[in-house]
Every structure is written in structure tokens, then in C-alpha cells.
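**Student:** Sharing a structure with you now.
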Amino acid sequence: MKQICVIGVGYVGLVTGACFADLGNRVIALDINEQRIEGLKKGLMPIYEPGLEELVKRNVKAGRLSFTTSYPEALEGTEFAFIAVGTPSAVNGEADLQYVAAAARSIAENMTAPLVIINKSTVPIGTGDWVADIVTKYQPKPVDFAVVSCPEFLREGSAIGDFISPHRTVIGSLHR
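Following this line, the structure appears as C-alpha cells:
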């Protein structure tokens, strides 16, 4: 069983985390929104997706899915960290990457063991290098890591099925 951290429990993050947990992995879902995390701990879904509430409850009960606001807690023993935070449009129409940058910095400041960082957020080409630069800059001491891009192709209303049986999977990285 792998331990996975999913950063961001919005649409993409919550579906990703619940589905990975249902595949038998230990998943810690992290969000900086305390109210959202407390709601999830009580079984309250912040979004609607058919079948998601049952999937979350089943995996929480089985001990494979948990929720936190703490980066040190979420990254302890984690092998894979998925960044699934919002990238709203900026005033100029480009993706606002402030939440991706904040997640990358928090990962850097709290990682203690080698880690694969996977970006699920919708971002422009070249963001992986930018994330790697942020992680390198903010690490208190050097720890090995790789940054991978694996964009989501989930459709609302069929996201669980799209995750389990994707029409396509795209993965990119400069690491081999």
C-alpha cells in the first residue's frame, strides 16, 4: 500500500483522493481551508459528484482516507504528493498560479524524505520546472524529489468513472 497526499480537496482533489483510497492506497487529503476539512471529517461533502459521498465514507471508515490542514502530518511517510489546487483565471486571462506556488513552497518546507510531486491542476506548459525551482529554493535542507505533470480529464457527473477508466492519461516529467 502506498501513502499519497492530495493537496486541495476541491473537485479534482477530492475525487482523486477518494479514488486512490478505493484502490487500496492510504490517502491523506490536505486543504488549508479548516472549515472544509472539518466538514469532511463530519461527512459533509463540499461538492456534489454522483457516488462520491459513498466513496469517501467507505474509505474513511476503512482507514484509507483522512483529512488534515497540516503539511507535516500529510507528508510524513508520503511517497506521492498530488497538487490539485485551484488555478482561477487572472485579470489578463492567464491561469493564476498563486495556490500552486503556495502548495509547492509548503511541500518544500515540510518534506523530510524523497517525494514525487504530481501536478493535477490546470496549468500552462513549463509549470513543472517552475514548481521544481520553488521546491529547491524553499527546502531547509536538500531532499530528493521529482516533479511530474499529470493533468486531469474528469467530467462533472462522471468523474469517478473517468478516474477509474480514463479515456487518456498524460504524464510528463524531466526526471527519468
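Numbering of the sequence shown is given in the working numbering, commencing with residue 7 and proceeding in unit increments.
Cβ coordinates follow ideal geometry from the N, Cα and C atoms, glycine included.
Would T93 and V141 be called neighbours here (beta carbons separated by less than 8 Å)?
**Tutor:** No. Outside cutoff.
**Student:** Could you check which residue in A152, I113, T133 has the C-alpha nearest to that of Q145?
**Tutor:** Considering only alpha carbons, the answer is I113.
**Student:** In the stretch 59-133, which residue ranges form an unbroken alpha helix (DSSP H) of at least 4 residues, counting only runs that do not cross its ends?
**Tutor:** If we require 4 residues or more, the alpha helix (DSSP H) runs fully inside the stretch 59-133 come out as 77-81, 104-116.
**Student:** With distances taken Cα to Cα, identify the nearest neighbour of I124 among E44, K48, E85, T74.
**Tutor:** For the residues E44, K48, E85, T74, the minimum Cα distance to I124 belongs to E85.
**Student:** Roughly how many angstroms separate the alpha carbons of Q166 and V176, rounded to a whole number?
**Tutor:** It should be noted that the sequence gives Ile, not Gln, for residue 166. Spanning the two alpha carbons is a distance of roughly 17 Å.
**Student:** Kindly list the residues whose CB is nearer than 8 Å to the CB of N31, restricted to its own chain and excluding five residues on each side of it in sequence; keep chain order.
**Tutor:** Hits under 8 Å: M7, K8, Q9, I10, R70.
**Student:** Which one or two residues does DSSP pair with A35 in a beta bridge?
**Tutor:** Bridge partners of A35: V12, F73.
**Student:** Where do the N-terminal and C-terminal ends of the beta strand (DSSP E) with V154 fall, by residue?
**Tutor:** Where V154 is concerned, the enclosing beta strand (DSSP E) stretches over 151-155.
**Student:** Is A119 near N65, with beta carbons less than 8 Å apart?
**Tutor:** No, the pair does not count as a contact, with Cβ atoms beyond the cut-off.
**Student:** Looking at C-alpha atoms only, which residue of I43, T22, N39, E40 is the closest neighbour of V33?
**Tutor:** V33 has its Cα closest to that of T22, out of I43, T22, N39, E40.
**Student:** Pick helix, strand or coil for G178, following the three-state DSSP scheme.
**Tutor:** The answer is strand: DSSP assigns G178 an E or B state.
**Student:** According to the Cβ coordinates, are A35 and F73 closer than 8 Å?
**Tutor:** Yes, these two residues count as a Cβ contact at 8 Å.
**Student:** Taking its Cβ as the centre, do 16 or more other Cβ atoms sit within 10 Å of D150, making it buried, or is it exposed?
**Tutor:** D150 comes out exposed.
**Student:** To which residues of the same chain is I163 closer than 7 Å at the C-beta, ignoring the five residues directly before and after it?
**Tutor:** The question names Ile, but residue 163 is Gly in the sequence shown. Same-chain partners within the cutoff: P56.
**Student:** Does any heavy atom of the ligand FMN sit closer than 7 Å to the C-beta of L160?
**Tutor:** Looking at this structure, you won't find the ligand FMN or any other ligand, since it has none at all.
**Student:** Rounding to the nearest angstrom, what Cα-Cα distance links E60 and K126 in this structure?
**Tutor:** Their backbone Cα atoms lie some 23 Å apart in a straight line.
**Student:** Helix or strand or just coil, what does DSSP make of S42?
**Tutor:** In the sequence under discussion, the amino acid at residue 42 is Arg, which differs from the Ser named in the question. Residue state, collapsed to three classes: helix.
**Student:** Counting only the same chain and skipping the five closest in sequence on each side, list residues whose C-beta sits under 6 Å from that of R161.
**Tutor:** Counting only Cβ-Cβ distances below 6 Å, and skipping sequence neighbours, we find D168.
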